[in-house]
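What follows is one structure encoded as structure tokens, with my remarks underneath.
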Amino acid sequence: MGGRVADVLDERAAAVQQVSSGPLRTIGIPRERAPRERRVAATPETVKRFRRLGFQVLVEREAGLAAGFTDDEYTEAGAELVETGPDIYRRADIVLKVQRPLPEEVELLRPGQVVIGFLQPLIAPELVVALAERGVIAVSMDTIPRITRAQPMDALSSMSTVAGYKAVLLAANELPKFFPLMMTAAGTIRPAKVLVLGAGVAGLQAIATARRLGALVEAFDTRPVVKEQVESLGAKFLELGVTTEEVGGYAKELAEEHLRREQELIHNHCLEADVVITTALVPGRRAPLLIREETVRQMRPRSVIVDLAAEMGGNCELTVPGETIVRYGVTIMGPLNLPSEMAYTASQMYARNVAALLEHLAPKGEFAWNFEDEITRGVVLTKDGQILHGPTLERLKEEVR
Numbered sequence: 075m076g077g078r079v080a081d082v083l084d085e086r087a088a089a090v091q092q093v094s095s096g097p098l099r100t101i102g103i104p105r106e107r108a109p110r111e112r113r114v115a116a117t118p119e120t121v122k123r124f125r126r127l128g129f130q131v132l133v134e135r136e137a138g139l140a141a142g143f144t145d146d147e148y149t150e151a152g153a154e155l156v157e158t159g160p161d162i163y164r165r166a167d168i169v170l171k172v173q174r175p176l177p178e179e180v181e182l183l184r185p186g187q188v189v190i191g192f193l194q195p196l197i198a199p200e201l202v203v204a205l206a207e208r209g210v211i212a213v214s215m216d217t218i219p220r221i222t223r224a225q226p227m228d229a230l231s232s233m234s235t236v237a238g239y240k241a242v243l244l245a246a247n248e249l250p251k252f253f254p255l256m257m258t259a260a261g262t263i264r265p266a267k268v269l270v271l272g273a274g275v276a277g278l279q280a281i282a283t284a285r286r287l288g289a290l291v292e293a294f295d296t297r298p299v300v301k302e303q304v305e306s307l308g309a310k311f312l313e314l315g316v317t318t319e320e321v322g323g324y325a326k327e328l329a330e331e332h333l334r335r336e337q338e339l340i341h342n343h344c345l346e347a348d349v350v351i352t353t354a355l356v357p358g359r360r361a362p363l364l365i366r367e368e369t370v371r372q373m374r375p376r377s378v379i380v381d382l383a384a385e386m387g388g389n390c391e392l393t394v395p396g397e398t399i400v401r402y403g404v405t406i407m408g409p410l411n412l413p414s415e416m417a418y419t420a421s422q423m424y425a426r427n428v429a430a431l432l433e434h435l436a437p438k439g440e441f442a443w444n445f446e447d448e449i450t451r452g453v454v455l456t457k458d459g460q461i462l463h464g465p466t467l468e469r470l471k472e473e474v475r
């Protein structure tokens with residue numbers, strides 16, 4: 075699109091605004107078709123919530139089966155079963171998804187239709203352009219502002235909770251020793267040492283889970299505000315002596331002169347750990363590199379690294395996204411989409427987040443696009459053929475420079 079991004083979208087907007095539509099009354103839930111995705115965007119519980127608001131609900135057959143929800147449960151909740159995904163897109167005014175639409179799904183969307191899901195606009199800005207060109211009202215679950223009244227809608231936190239919990243279970247399964255202290259007839263078994271890098275939602279859940287399993291836990295984060303939370307969970311907080319600001323619930327990247335001290339602290343504590351769980355992410359960017367190959371080389375041969383940032387390049391230099399490898403005797407796990415591996419609970423949480431957002435956008439069953447509201451302004455990426463999301467527009471400008 076070159077330097078004409080804004081011009082092209084303005085031309086599209088003029089055409090899209092000619093399309094008239096009635097009230098958005100029909101919600102559709104297609105089966106997720108992205109690889110490794112077992113979650114579903116609505117559960118029988120949330121179908122009942124939608125029905126109480128006056129929405130008709132269409133569910134593709136077996137859309138929830140991989141997550142543990144049967145077609146019968148959906149029909150009992152008041153949903154109508156639909157045979158195919160294209161039928162959902164043809165009949166629904168509002169399409170609820172987990173993953174962003176695949177290219178073939180984008181082709182099924184029509185002007186004025188609402189699509190809600192993890193659209194990841196900073197990772198896939200070209201999708202946002204495509205949705206704007208089609209006149210779709212695109213609502214992204216991963217751009218919900220981190221404010222108190224938006225907590226019931228905060229799907230990123232929900233999925234991070236699942237990922238942090240599952241990461242510890244994966245580590246415990248791979249580690250060839252017990253997590254807890256044990257007094258046995260064969261003598262005392264010392265507890266495992268777990269190091270958690272990053273004390274956001276995923277990190278805090280990993281700390282809590284590792285502590286429940288009886289491990290000794292240390293955690294590192296550049297934000298001093300999380301120290302009290304870490305210690306309240308029974309873990310030791312590692313202090314660098316250098317702090318950084320928090321932006322939108324994430325830590326800003328450290329200044330260059332501080333990186334050496336951070337690397338030294340992480341290196342030293344990795345050498346003492348049996349398990350390292352890394353959770354550090356920067357929105358829309360490559361994950362920060364925290365564990366170098368030389369550190370892995372010096373770690374205990376039986377150690378385990380679970381890299382929750384694998385999808386964004388990994389916090390460990392040796393991580394292979396989607397694979398479990400062994401290097402220098404250290405097991406390095408780079409799981410992708412961990413919440414999908416706990417699809418039942420993850421779907422329950424995500425579906426409730428979606429329902430809370432939908433109730434916010436359409437409190438009486440009718441959409442009220444109030445862009446004075448911080449939540450609405452944060453989640454609506456496109457409407458009337460225009461891209462409304464500031465950070466996405468900035469990313470598009472970066473790409474055409």
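In terms of the numbering used here, the sequence shown is residues 75 to 475. By construction, the Cβ of each residue, glycine as well, lies at the ideal position given by its N, Cα and C atoms. Quick caveat: nothing in here was measured; it's all calculated off a predicted structure.
Checklist entry - In terms of alpha-carbon separation, which member of 250, 158 and 429 lies closest to residue 348? => result Along the sequence shown, one-based indexing puts residue 348 at 274. With distances taken between Cα atoms, residue 348 lies closest to 250.
Checklist entry - Any idea which residues DSSP pairs residue 154 with across the strands? => result As a first step, residue 154 is located in the sequence shown; it is residue number 80 there, counting from the start. Answer is 132.
Item to check | Host alpha helix (DSSP H) of residue 121 (start-end) | outcome: For the purposes of this step, residue 121 is taken as the residue at position 47 of the sequence shown. From DSSP, the alpha helix (DSSP H) with residue 121 extends over 118-126.
Checklist entry - Rounded to the nearest angstrom, how far is the Cβ of residue 201 from that of residue 108, given a contact under 8 Å? => result The residue labelled residue 201 in the question sits at position 127 within the sequence shown. The residue labelled residue 108 in the question sits at position 34 within the sequence shown. The pair is not a contact, with the Cβ atoms about 13 Å apart (cut-off 8 Å).
Checklist entry - If residue 142 and residue 417 are in contact, beta carbons under 8 Å, what's the gap, nearest whole angstrom? => result The residue you call residue 142 lines up with position 68 of the sequence shown. The residue you call residue 417 lines up with position 343 of the sequence shown. Yes, residue 142 and residue 417 are in contact; Cβ-Cβ is about 7 Å, under 8 Å.
Checklist entry - If you drop the 5 nearest sequence neighbours on each side, which residues of the same chain put their C-beta closer than 6 Å to that of residue 87? => result Here residue 87 refers to the residue found at position 13 of the sequence shown. For residue 87, the pLDDT reaches just 47, beneath the cut-off of 50, and the residue's location in the model is therefore unreliable, although a value from the coordinates is still provided. Taken in chain order, the residues that qualify are 458, 459 and 460.
Next on the checklist: Quick check on the DSSP output: the beta strand (DSSP E) that includes residue 173 runs from which residue to which?
Outcome noted: If you number the sequence shown from 1, residue 173 lands on position 99. That run of the beta strand (DSSP E) goes 168-173.
Checklist entry - Count the other CB atoms within 10 Å of the CB of residue 253; is the residue buried (16 or more) or exposed (fewer)? => result As a first step, residue 253 must be located in the sequence shown, where it is residue number 179. Per the 10 Å Cβ criterion, buried.
Checklist entry - residue 288: which of 256, 445, 300 and 155 sits nearest, CA to CA? => result Numbered from its first residue, the sequence shown carries residue 288 at position 214. Considering only alpha carbons, the answer is 256.
Item to check | The alpha helix (DSSP H) enclosing residue 241, as first and last residue numbers | outcome: Here residue 241 refers to the residue found at position 167 of the sequence shown. Looking at the DSSP string, the run of the alpha helix (DSSP H) that includes residue 241 is 229-248.
Item to check | Endpoints, the beta strand (DSSP E) within which residue 270 is located | outcome: Within the sequence shown, residue 270 is the residue found at index 196, counting from 1. Run containing residue 270: 267-271, per the beta strand (DSSP E) assignment.
Item to check | residue 348 in three-state terms, based on DSSP | outcome: The residue labelled residue 348 in the question sits at position 274 within the sequence shown. In this structure, residue 348 counts as coil in the three-state DSSP scheme.
Item to check | Cβ neighbour criterion (16 or more within 10 Å) applied to residue 359 | outcome: As a position in the sequence shown, residue 359 is number 285, starting the count at 1. Looking at its Cβ environment, which holds fewer than 16 other Cβ atoms inside 10 Å, residue 359 is exposed.
Checklist entry - With a cut-off of 8 Å, do at least 3 Cβ pairs link the region 168-175 to the region 184-203? => result yes
Checklist entry - When the Cα atoms are used, what is the spatial distance from residue 462 to residue 392? => result Position 388 of the sequence shown, counting from 1, holds the residue named residue 462. Position 318 of the sequence shown, counting from 1, holds the residue named residue 392. The straight-line gap from Cα to Cα measures roughly 38 Å.
Checklist entry - When you compare only the Cα positions, how much space is there between residue 54 and residue 277? => result The chain is shown only over 75 to 475; residue 54 falls outside these bounds and no answer can be derived.
Next on the checklist: Between which residues of its own chain and residue 466 is the CB-CB distance below 8 Å, once the five residues before and five after are set aside?
Outcome noted: Walking along the sequence shown from the start, residue 466 turns up at place 392. The residues are 195, 196, 199, 202 and 455.
Checklist entry - Can you tell which of 376, 119 and 160 has the C-alpha that lies nearest to the C-alpha of residue 146? => result Within the sequence shown, numbered from 1, the residue matching residue 146 stands at position 72. It is 119 whose Cα lies nearest to the Cα of residue 146.
Checklist entry - For the candidate residues 473, 469, 448 and 468, whose alpha-carbon lies nearest to that of residue 37? => result The shown model of the chain, from 75 to 475, leaves out residue 37, and the question about it has no answer.
Next on the checklist: Quick check on residue 437: buried or exposed, where buried means 16 or more other Cβ atoms within 10 Å of its Cβ?
Outcome noted: Here residue 437 refers to the residue found at position 363 of the sequence shown. Exposed: under 16 other Cβ atoms inside 10 Å.
Item to check | Proximal residues to residue 372 (C-beta, below 7 Å), its chain only, five neighbours per side dropped | outcome: Indexing the sequence shown from 1 puts residue 372 at position 298. Within the same chain, residue 372 has close Cβ partners 345.
Checklist entry - What's the C-alpha gap between residue 311 and residue 292? => result Sequence index remark: in the sequence shown, residue 311 carries index 237 (1-based). Sequence index remark: in the sequence shown, residue 292 carries index 218 (1-based). Using only the alpha carbons, I get a separation of about 6 Å.
Next on the checklist: Suppose the cutoff is 6 Å on Cβ atoms and the five residues either side in sequence are ignored; what does the same chain contact list for residue 471 look like?
Outcome noted: As a working mapping, residue 471 is identified with position 397 in the sequence shown. There are no such residues.
Checklist entry - On the three-state DSSP scale, how would you describe residue 283? => result In the sequence shown, residue 283 corresponds to position 209, counting from 1. Reduced to three states, the DSSP call for residue 283 is helix.
Item to check | First through last residue of the alpha helix (DSSP H) which encompasses residue 306 | outcome: Your numbering for residue 306 matches position 232 in the sequence shown. From DSSP, the alpha helix (DSSP H) with residue 306 extends over 301-306.
Next on the checklist: Classify residue 17: buried if its beta carbon has 16 or more other beta carbons within 10 angstroms, exposed otherwise.
Outcome noted: Residue 17 is absent from the structure shown; the chain starts at 75 and stops at 475.
Item to check | In chain order, each alpha helix (DSSP H) run of at least 4 residues that lies wholly inside the region 404-466 | outcome: 417-435 and 448-453
Item to check | Bridge partner(s) assigned by DSSP for residue 293 | outcome: Indexing the sequence shown from 1 puts residue 293 at position 219. For residue 293, which the question treats as bridged, DSSP gives the partners 270 and 311.
Item to check | Own chain residues within Cβ distance below 6 Å of residue 248, not counting five before or after | outcome: As a first step, residue 248 must be located in the sequence shown, where it is residue number 174. Taken in chain order, the residues that qualify are 378 and 405.
Checklist entry - For residue 144, is the classification buried or exposed, using 16 other Cβ atoms within 10 angstroms of its Cβ as the cut-off for buried? => result As a position in the sequence shown, residue 144 is number 70, starting the count at 1. The residue is exposed, with fewer than 16 neighbouring Cβ atoms inside 10 Å.
Next on the checklist: Just list the residues that DSSP pairs residue 381 with in beta bridges.
Outcome noted: As a first step, residue 381 is located in the sequence shown; it is residue number 307 there, counting from the start. Note: residue 381 sits in a beta bridge opposite 352.
Item to check | Cutoff 6 Å; reference residue 112; Cβ partners in own chain excluding five residues on either side | outcome: Here residue 112 is taken as the residue at index 38 of the sequence shown, counted from 1. 140, 141, 414 and 417, listed in sequence order.
Item to check | Candidates 161, 123 and 98: closest to residue 105 by CA position | outcome: Translated into the one-based positions of the sequence shown, residue 105 becomes position 31. It is 161.
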